[in-house]
Structures are given as structure tokens and as C-alpha cells.
Amino acid sequence: MESENTPSEFKFHDGRRYHNVENAVYPMPNDENEQDRLHFQHFLMRYLMQNNFSAPINHILTTPGAKILDVGCGAGSWSFDMATTYPNIEIYGLDISPLQLTNTKPKKFTFIKANVLEGIPFEDSTFDFIYQRFLSYAYTKDEWSSAINELVRVLKPGGFLELMEPSPSLFDLGPIAKRIWDAQSSLVIQRGVDLEVYQRLEEYLQNQGFQS
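FYI, in full-length UniProt numbering the residues of the sequence shown are 1 to 212.
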């Protein structure tokens with residue numbers, strides 16, 4: 001299930017490389033600069049949270065062969081960190097296009113090129129823990145329910161699903177930062193993205209029978 005980069009997988013604009021996946025709304029680049037940003041973001045979040053997750057999954061992480069899915073794995077920062085810290089688990093990183101440095105990946109990490117909205121290529125009840133972070137730009141408002149339904153399908157009964165999305169409220173922006181944020185927000189809203197999805201995650205999960 002490994003994937004190699006091919007020219008048709010990417011497109012270029014103003015010197016930046018982007019995914020070339022039809023109908024995907026995610027607007028961020030897919031290149032080395034973005035990889036650096038994602039690595040920095042991961043370690044910043046780990047420092048702020050003092051952990052890589054919030055769910056009570058320590059018993060899963062010590063179970064040999066436990067399967068974990070990182071949805072929208074990007075540069076693989078979270079997956080690689082988890083696979084290195086918890087060598088008993090098998091971790092799968094899923095994304096619409098490859099970005100990881102395959103020559104540095106941990107032994108028990110497998111990259112899956114797939115789009116959640118087109119179906120995750122695993123059987124029902126495969127994963128013990130599913131983690132998805134900062135994908136508010138990846139789905140339209142109308143797609144969130146379908147995406148969560150697919151995550152639930154591949155989650156084992158009694159497993160844990162952790163979703164993390166930010167509030168778009170920013171404070172004390174200077175004039176330049178405000179112009180950048182306003183332009184970015186306008187772009188993704190035009191694509192149907194729901195910047196307030198963090199307020200609706202609990203509702204989506206409750207509709208699937210989850211308890212927070």
C-alpha cells in the first residue's frame with residue numbers, strides 16, 4: 001500500500017507544489033516548506049498539550065499489534081512520533097497525496113493514499129484508535145457527516161475516535177495578519193468549508209452514537 005510520487009499527483013502555482021486531486025477542497029501546499037510547517041505545528045501542539053492525544057488509550061498503546069489510523073497525516077509528524085514512542089502499535093497514515101519522507105519512516109508505519117470521502121480501503125472494525133487533526137479545510141460543510149460515518153465504519157467497537165479542530169477566532173491581529181486571514185478565510189468559505197465546524201463535532205459524533 002505504499003505510494004511513490006509521480007508528476008501527475010501534483011500541480012504547481014507560484015513556485016509552490018499542491019495536490020492534484022480532483023474535487024478536493026483542501027487548499028494548502030504539498031512541498032518541503034509545507035512539510036516544515038507541519039512538523040513545527042506538530043511539536044508546538046505536543047508541547048502545548050503535553051501529549052500527542054487526549055483519548056484514554058494507554059491500554060491500546062501497550063497492546064501488541066493494535067492498529068491506529070492517522071487521517072490526513074500530511075508530513076507524517078504525528079504518525080512518526082507515535083510509532084517511535086509506542087513500538088508495539090501498527091500505525092497507518094492516510095492522506096490524499098503523499099508527502100512523507102519514505103526513507104525515514106518507522107518500521108511499523110504504513111502510508112495509505114486515499115480520500116476518506118471515497119472510502120477508506122479497510123474492512124469494517126479495523127482500527128483501535130483513529131486520530132484526525134486540523135482538517136477543517138479538507139471537507140465542505142456537507143461532507144463532514146459522510147467523513148465521520150466512514151471513520152466510524154473502520155473503528156472497532158469500543159475503540160476511540162479523536163477529532164481536533166481549531167476555533168477560527170483570532171485576537172489582536174495587526175493589519176497585515178488580518179488581511180492574510182481575511183483572504184484565506186474568504187478562499188475556503190467559497191469552497192464550502194465550514195470554519196465553525198469545531199462547534200458541531202460533538203453533534204456529528206452523537207449522531208453516530210458516540211459519547212464524548
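Cβ atoms here follow ideal geometry from the backbone N, Cα and C, with glycine treated the same way.
Ranked by Cα distance from GLN35, the first of GLY158, LEU99, GLY174 and ASP128 is LEU99. Rounded to the nearest whole angstrom, the CA to CA distance from ASN30 to HIS39 is 13 Å. Per DSSP, the unbroken alpha helix (DSSP H) holding TYR47 starts and ends at 32-49. Sequence-distant Cβ neighbours of SER79 in its own chain, meaning closer than 6 Å and more than five residues away, are ASP70, CYS73, ILE91, GLY93 and PHE109. Segment contact: the stretch 158-172 against the stretch 191-198, three or more CB-CB distances shorter than 8 Å; contact assigned.
Apart from the 5 residues on each side of it in sequence, SER185 sits with its Cβ closer than 8 Å to the Cβ of PRO168 and LEU195 in its chain, given in chain order. ARG153 sits in a helix when the DSSP states are folded into three classes. The Cβ neighbour count for ARG133, taken over all protein chains shown within 10 Å, is at least 16; the residue is labelled buried. Pairing ILE130 with SER54, the inter-Cα distance amounts to about 12 Å. LYS178 and THR85 have their C-alpha atoms some 38 Å from each other. The criterion of a C-beta distance shorter than 8 Å is satisfied by SER97 and VAL21. With distances taken between CA atoms, TYR26 lies nearest to ARG191 out of ARG191, GLN208, GLN211 and GLU203. Here DSSP, grouped into helix, strand and coil, assigns GLN206 to helix.
In the three-state scheme derived from DSSP, where H, G and I count as helix and E and B as strand, GLN132 is classed as strand.
When the beta-carbon positions are compared, ASN52 and MET82 come within less than 8 Å of each other.
ILE57 sits close to PHE160, with the two beta carbons spaced by under 8 Å. Judged by their CB atoms, GLU162 and GLY119 are not nearer to each other than the 8 Å cut-off. If you compare the alpha carbons of ALA138, PHE127, SER136 and GLY174 with that of LEU155, the shortest gap goes to PHE127.
Looking at the backbone, the Cα of LEU48 and that of ILE89 are separated by about 24 Å.
Rounded to whole angstroms, the separation of the alpha carbons of ASN23 and GLY65 is 35 Å.
Annotation: the continuous beta strand (DSSP E) that includes ARG17 extends over 16-19. Sorting THR104, GLN206, GLY76 and PRO87 by C-alpha distance to the C-alpha of THR63 places PRO87 at the top.
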